[in-house]
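Everything below concerns the one structure shown next.
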Amino acid sequence: MSFGIDLGTQSCRVAVWQNGQPVIVLDEEGNRALPSYVAFSGDGRRFGSIAKAQQGANIENTVFGIKGFLGRDIRDTVIRTRLSRMPYRTSRTAGAAVLKVEFLGNQETFVPEEIVAMQLSKLRRLVDVHTGTQNECPVIAVPPGFSRHQRQALIDACDIAGLRTPYLIDDTSAAALYYAFYSSPALPNPNDPASVERLILVLNMGAGITSASIVAIEQGLVETKVASSNLALGGDHFDEAISKSLAAHLKSKHGIDVSDNPRSQARLLILAERARKELSSAMKASIDLEAISQDIRIPPVTITRDYLDGQCPGIYDDLLKLIKSLFQRSAFTRADIQEVLLVGGTTRMPGILSNVQAYFSGDTPICSVRNVDEAVALGAAIYGVLKGHPEGQAMPEKLEDMLLMDIVHDALGVAVLAESVDLKGPSTLPADGGSFHESVFEVVIPRNTTFPCRRRVDFSVRNVGDRTVNVQVYEGDSKQPMANAFLGSFELHNIPTVPAGSDRAEVVVDFDINSDHSVVVSAKDSKNRRRSMAIRVGRLSKIEKETMQQKAERFDEYDRMQEYRLRRRNDFEEYCYGARESIERLQTGVHECLEWLQGEGSTSVLDEDLERREEGVVELLRKALPPGYFIGRDAADCAPQADPESHSQTDDTPLYDCYD
Amino acid sequence: ALLATVVLACQDHEIFDLVSELEAAEGKGTTFYSWLTVPHTASTADIAKAYRKKSMLLHPDKNPGVKGIHERFSRLGVISGILRNKEKRERYDFFYKNGVPKWRGTGYYYSRFRPGLGFVFSFLV
Numbered sequence: 010m011s012f013g014i015d016l017g018t019q020s021c022r023v024a025v026w027q028n029g030q031p032v033i034v035l036d037e038e039g040n041r042a043l044p045s046y047v048a049f050s051g052d053g054r055r056f057g058s059i060a061k062a063q064q065g066a067n068i069e070n071t072v073f074g075i076k077g078f079l080g081r082d083i084r085d086t087v088i089r090t091r092l093s094r095m096p097y098r099t100s101r102t103a104g105a106a107v108l109k110v111e112f113l114g115n116q117e118t119f120v121p122e123e124i125v126a127m128q129l130s131k132l133r134r135l136v137d138v139h140t141g142t143q144n145e146c147p148v149i150a151v152p153p154g155f156s157r158h159q160r161q162a163l164i165d166a167c168d169i170a171g172l173r174t175p176y177l178i179d180d181t182s183a184a185a186l187y188y189a190f191y192s193s194p195a196l197p198n199p200n201d202p203a204s205v206e207r208l209i210l211v212l213n214m215g216a217g218i219t220s221a222s223i224v225a226i227e228q229g230l231v232e233t234k235v236a237s238s239n240l241a242l243g244g245d246h247f248d249e250a251i252s253k254s255l256a257a258h259l260k261s262k263h264g265i266d267v268s269d270n271p272r273s274q275a276r277l278l279i280l281a282e283r284a285r286k287e288l289s290s291a292m293k294a295s296i297d298l299e300a301i302s303q304d305i306r307i308p309p310v311t312i313t314r315d316y317l318d319g320q321c322p323g324i325y326d327d328l329l330k331l332i333k334s335l336f337q338r339s340a341f342t343r344a345d346i347q348e349v350l351l352v353g354g355t356t357r358m359p360g361i362l363s364n365v366q367a368y369f370s371g372d373t374p375i376c377s378v379r380n381v382d383e384a385v386a387l388g389a390a391i392y393g394v395l396k397g398h399p400e401g402q403a404m405p406e407k408l409e410d411m412l413l414m415d416i417v418h419d420a421l422g423v424a425v426l427a428e429s430v431d432l433k434g435p436s437t438l439p440a441d442g443g444s445f446h447e448s449v450f451e452v453v454i455p456r457n458t459t460f461p462c463r464r465r466v467d468f469s470v471r472n473v474g475d476r477t478v479n480v481q482v483y484e485g486d487s488k489q490p491m492a493n494a495f496l497g498s499f500e501l502h503n504i505p506t507v508p509a510g511s512d513r514a515e516v517v518v519d520f521d522i523n524s525d526h527s528v529v530v531s532a533k534d535s536k537n538r539r540r541s542m543a544i545r546v547g548r549l550s551k552i553e554k555e556t557m558q559q560k561a562e563r564f565d566e567y568d569r570m571q572e573y574r575l576r577r578r579n580d581f582e583e584y585c586y587g588a589r590e591s592i593e594r595l596q597t598g599v600h601e602c603l604e605w606l607q608g609e610g611s612t613s614v615l616d617e618d619l620e621r622r623e624e625g626v627v628e629l630l631r632k633a634l635p636p637g638y639f640i641g642r643d644a645a646d647c648a649p650q651a652d653p654e655s656h657s658q659t660d661d662t663p664l665y666d667c668y669d
Numbered sequence: 840a841l842l843a844t845v846v847l848a849c850q851d852h853e854i855f856d857l858v859s860e861l862e863a864a865e866g867k868g869t870t871f872y873s874w875l876t877v878p879h880t881a882s883t884a885d886i887a888k889a890y891r892k893k894s895m896l897l898h899p900d901k902n903p904g905v906k907g908i909h910e911r912f913s914r915l916g917v918i919s920g921i922l923r924n925k926e927k928r929e930r931y932d933f934f935y936k937n938g939v940p941k942w943r944g945t946g947y948y949y950s951r952f953r954p955g956l957g958f959v960f961s962f963l964v
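For the record, the sequence lines run as chains A and B.
Take the first sequence: its letters are residues 10 to 669, numbered as in the numbering used here.
Take the second sequence: its letters are residues 840 to 964, numbered as in the numbering used here.
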């Protein structure tokens, strides 16, 4: 069975399809979200709220916010500064971030993919416990702006976690799918606005990443038109701004410098996050700074909504810039949007709402789905059913008419020689890697194309004498190939001229995007000789992944062992307490009976009284002793005798051995 | 004028290819419009609607394991893209009314058909 995951910067949610609807899976504590924290310690790993709660005590070995580093190049200065600000120890190898933690008494290093794999297998365990079955096919919601490298890193994480056939879905598309699921009427009705086509802007603002997309919803069909993300915009920025000003306040008013104390900084960040969330419903929030220092009494600080807005005005501008970029990238205008759908926890902030409202000048209804935080995970669970339902089995009735048509976010194409572009006819492919200033990027699959799709383009060959072309595949928006992401290249040799002996030669390049977003590029010459290349951008080799998978299995095994031991220990403790209790009760019962026999019972004895008391003691004895060792009394004139040998053979039933 | 036709014909190869592929896959005489079940006078909005309706039938998610569905859905995307683009639709409409030319320019044949050895021999004989 499949399950949907919303893998957030701040917290994760997981949902499954159950009883005709998607439901959120709770964690062991009954929380609906699992904070994206992984803590390492001498006796195992902790996840979620437990890991977050113990962060202060174990600051160096508690890892969080890892989504921002997944599949990112560490040479990027923004990433490098963000990584250096984290309280856990990091380093880098081969262009990627590496985390160093102390785990089970050893120094261990993990790459971000491994940490995400741990989170994924934790979520999977929750689902397994919830459904009572094995679940192996996750649908993971990712921001539409995730590059191919980031997506591949996530798929690698699934491989490490032993999850098969993962599907990635855009988080805004998932939210739209969930919205269509519960808002679309069953039958088309031309009078009902919900059954005709609606153009909706979906805005998903999370803790670290904000995405927006324009989708058309007609009945159950969700067609993504254009999507974009800002990978460095989210609620975290407000938290950072608040905690920075709190640190300044502490320094100037109380003389406490937290700049070299990561523990206090982490504490401030958590306080800031709590205050920001409070401000979504209240006008004022008070921050209790008591925990920062034991020595000095610090009075609480009160912050207001206006203060919060004043701290980070740039965030609202960035948000509107993101929305505007959607209109720039498509033929739609602001007036075309019929509804705005807000999802993600950060959209609860009144400042976000008022800014979006002001941008649409109040004409467009702004609505949010019923479960602002959970729409993405629920939508991903729905997609899991649409994608992975077993062949031949009937689709759940409500989902029969649902379909998601997703798009390619970045243009795909090849490098061609600049001199050939303006000429009529096919552009010319370079004969070798060539110099970059000579080539330009020619789009084969434009941005916002619905996939699966396939497109063929004719190219001519420059140097007929060489009879060779070099197909260099890029992804991106820039005319300069080097400014785009390089996805791979291959060569085609011995290209025949047509007709033979002339100076013309042609190559057909074919881009094929599968329904799982994988790309195969092939080129063929006029003799139908073909070479193809499946695009693979992964950083990790197969062997590395296998080693990591084994490591992950070992740790999982350790965790399961640890869980088992803990369960066994608790069981045994409970058993001991139970035993003690029944022995104590027996003791008091026997004591009371003896007292009665000595006192009242020694003078007047009634049959009923004796029987009642006897039965009482027998009952207590039965509770305290295992069945085989139980000494029964049947009647007053029967002298009972315990016979251990014969009892051990039939130790299931209490024995009432009577003899004269 | 002759030169212009030749140059344009070079860009129309995509349409020629699609027309022949469509006929091969969906039956002879299938046009872009008849495949989408819209009249050739349909508005862009109607075409978008018809495209969605057809997508519901042809999307690989709705047809798991069906052979060739990937190709058919891809073709649907390209064809509706042509019909929703004003310039490209005019090009297609020209061929829709006048028929796809029998002779499609030398470049078209050069890149698509290669005489095999047997064919060459039979031609020589």
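Positions of the beta carbon are idealized from the N, C-alpha and C atoms, including for glycine.
- When DSSP states are grouped into helix, strand and coil, proline 308 of chain A belongs to the coil group.
- Just measuring C-alpha positions, the residue of A/Arg631, A/Asn115, A/Val120 sitting nearest glycine 104 of chain A is A/Val120.
- Separation of serine 93 of chain A and methionine 491 of chain A (C-alpha to C-alpha, rounded to the nearest whole angstrom) is 28 Å.
- Taking leucine 426 of chain A as reference, the option from A/Asp419, A/Ala420, A/Ser436 with the minimal CA-CA separation is A/Ser436.
- Using a Cβ-Cβ cut-off of 9 Å, lysine 396 of chain A is close to Asp900, Pro903 of chain B, given in chain order.
- According to the DSSP secondary-structure assignment, alanine 294 of chain A is paired through a beta bridge with A/Ile312.
- Here the alpha carbon of glutamate 582 of chain A sits roughly 38 Å from the alpha carbon of leucine 280 of chain A.
- In the structure shown, methionine 95 of chain A adopts coil according to DSSP, grouped into three states.
- Close partners of glutamate 910 of chain B in chain A (Cβ separation under 8 Å): Arg463.
- Cβ neighbours of glutamine 274 of chain A within its own chain (closer than 6 Å, five residues either side excluded): Val267.
- In the DSSP assignment, the residues bridged to asparagine 115 of chain A are A/Phe112.
- Apart from the 5 residues on each side of it in sequence, leucine 350 of chain A sits with its Cβ closer than 8 Å to the Cβ of Ala184, Ala185, Tyr188, Ile209, Leu210, Val211, Leu212, Cys376, Ser377, Val378 in its chain, given in chain order.
- Linking proline 359 of chain A to serine 289 of chain A through their CA atoms gives a straight-line distance of about 6 Å.
- For the segment 522 to 553 of chain A, the set of residues with a beta-carbon nearer than 8 Å to any beta-carbon of chain B comprises Asn523, Ser524, Ser535, Lys536, Asn537, in chain order.
- Within the same chain, and ignoring the five residues on either side of glycine 442 of chain A in sequence, the residues whose Cβ sits closer than 8 Å to its Cβ are Asn479, Gln481, Ser498.
- Under the three-state reduction of DSSP, alanine 256 of chain A is assigned to helix.
- DSSP, reduced to helix, strand and coil, places glycine 422 of chain A within a strand of the structure shown.
- In summary, histidine 446 of chain A is exposed, with fewer than 16 beta-carbon neighbours lying within 10 Å of its beta-carbon over all protein chains present.
- Bounds of the alpha helix (DSSP H) holding arginine 621 of chain A are 616 to 633.
- Assignment of proline 405 of chain A by DSSP, reduced to helix, strand and coil, places it in the coil class.
- Sorting A/Asn239, A/Met411, A/Ile307 by C-alpha distance to the C-alpha of glycine 264 of chain A places A/Ile307 at the top.
- CA-CA distance, alanine 221 of chain A to alanine 236 of chain A, rounds to 6 Å.
- At a cut-off of 8 Å between beta-carbon atoms, glycine 907 of chain B makes no contact with chain A.
- Look at serine 873 of chain B here: in three-state DSSP terms it is helix.
- In the DSSP secondary-structure assignment, glutamine 558 of chain A is not bridged to any residue.
- At a cut-off of 8 Å between beta-carbon atoms, methionine 414 of chain A makes contact with chain B.
- The three-state secondary structure of valine 385 of chain A, taken from DSSP, is helix.
- If the five residues before and after threonine 373 of chain A are omitted, its C-beta is found closer than 6 Å to the C-beta atoms of Ile346, Val349, all from its own chain and listed in chain order.
- For glycine 154 of chain A, the number of other beta carbons within 10 angstroms of its own is at least 16, and it is reported as buried.
- DSSP places valine 917 of chain B in the uninterrupted alpha helix (DSSP H) bounded by 908 to 923.
- When the Cα atoms are used, isoleucine 918 of chain B and arginine 338 of chain A turn out to be separated by approximately 22 Å.
- DSSP places glycine 29 of chain A outside both helix and strand once states are collapsed to three, so it counts as coil.
- Pairwise C-beta distances place the segment 55 to 64 of chain A out of contact with the segment 77 to 94 of chain A, as fewer than three of them are shorter than 8 Å.
- The C-alpha of glutamate 500 of chain A is placed about 48 Å away from the C-alpha of proline 31 of chain A.
- Taking C-alpha positions only, arginine 41 of chain A is separated from glycine 215 of chain A by approximately 16 Å.
- Under DSSP, arginine 465 of chain A shares a beta bridge with A/Asp519.
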